[in-house]
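Counting from 1, position 229 in the sequence shown corresponds to residue 229 in UniProt numbering; the numbering is continuous, with no gaps. Even glycine gets a Cβ: it sits at the ideal position worked out from N, Cα and C. In this text, all values refer to a predicted model and were calculated from it rather than measured experimentally.
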Amino acid sequence: MAPLKLYSVSDSPPTLAVRLALKALDISYLLVNIDFTAGEHLTDDYANKNPQKEVPCIDDEGFLLSESIVILQYLADKYSKTDDLYPKEPVKRALVNHRLAFNLSTYYRYISEYVMAPIFFAYERTPQGLKKVNIGLSVLNMILERQGTKFAAADHVTIADFGLVSATLCLEAIGFGLDPFPLVSQWYSKFKKDFPELWAEVEPGMKEIQEFNKNPPDLSKLNHPLHPTKKQQI
Numbered sequence: 001m002a003p004l005k006l007y008s009v010s011d012s013p014p015t016l017a018v019r020l021a022l023k024a025l026d027i028s029y030l031l032v033n034i035d036f037t038a039g040e041h042l043t044d045d046y047a048n049k050n051p052q053k054e055v056p057c058i059d060d061e062g063f064l065l066s067e068s069i070v071i072l073q074y075l076a077d078k079y080s081k082t083d084d085l086y087p088k089e090p091v092k093r094a095l096v097n098h099r100l101a102f103n104l105s106t107y108y109r110y111i112s113e114y115v116m117a118p119i120f121f122a123y124e125r126t127p128q129g130l131k132k133v134n135i136g137l138s139v140l141n142m143i144l145e146r147q148g149t150k151f152a153a154a155d156h157v158t159i160a161d162f163g164l165v166s167a168t169l170c171l172e173a174i175g176f177g178l179d180p181f182p183l184v185s186q187w188y189s190k191f192k193k194d195f196p197e198l199w200a201e202v203e204p205g206m207k208e209i210q211e212f213n214k215n216p217p218d219l220s221k222l223n224h225p226l227h228p229t230k231k232q233q234i
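Spelled out as structure tokens, the structure:
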């Protein structure tokens, strides 16, 4: 049986979320690093694996799948021995699905626009961008307050936490304080404390973002179809 392959960029939060699931599920896999700075993800060869030309993407014995949320759901459905990570009971599953959708539509979207885009492309961190991040954090704080659980969708970790943690570590990488959002801060700290083996899987990615925030990579040779590089803008 061929090992599952994960096509990855080491500091990609969606990829880090998938790595958390792979670690939690104790799935052996082959990590295939994609050279983002060289535009390897934009090649025709990679497009044959993922027409969206993005990471992550998995190859599970010839079954190719992209979109981190769907990958998380697939891995939990196929490989989990219990339904703790992804409950089968409709209400419990709906809560997990909601958090996953919220992360995609709002939380990680706002964080990525504010943290990641200005590191890698010709965008600036703006007051409006900061406002969006604070809105996302406020909503998550309210969700945790209303839910009254230790983690994002339950009193135990689910795949919903993997996406949200991988988004939140971007904020840690730039020294963004969570004190105004005490329940978010408490949840994030608890995850790191209670699951050191999971945190160890993604902390190097956080530190990479931290370093890139200080010294952005040279993407001047990257001909991205959507995002202008800083040198291109000049």
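Note on geometry: alpha-carbon atoms of Pro127 and Pro180 lie some 17 Å from one another. For Tyr108, the secondary structure class from DSSP, reduced to helix, strand or coil, is helix.
Under DSSP, Tyr29 shares a beta bridge with Leu4. In this structure the region 185–201 lies against the region 23–35, because at least three pairs of beta carbons, one per stretch, are closer than 8 Å. By DSSP's assignment, Cys57 forms a beta bridge with Tyr7 and Ser66.
Taking 8 Å as the cut-off, the Cβ atoms of Val184 and Leu137 count as close.
CA-CA distance, Gln147 to Ala153, rounds to 7 Å. Taking 8 Å as the cut-off, the Cβ atoms of Val18 and Phe36 do not count as close.
By the criterion of a C-beta distance shorter than 7 Å, Ser28 is surrounded in its chain by Pro3, once the five residues flanking it on both sides are discounted. In the displayed model, Ala122 falls within coil according to three-state DSSP, outside both helix and strand. Inter-residue distance for Glu113 and Ala173 is about 14 Å (C-alpha atoms, whole angstroms). The beta carbon of Phe212 sits closer than 6 Å to the beta carbons of Ile119 from its chain, once the five residues preceding and following it are set aside; these are given in chain order. A direct Cα-to-Cα measurement between Phe63 and Met206 gives close to 29 Å. Ser189 and Glu89 have their C-alpha atoms spaced approximately 28 Å apart.
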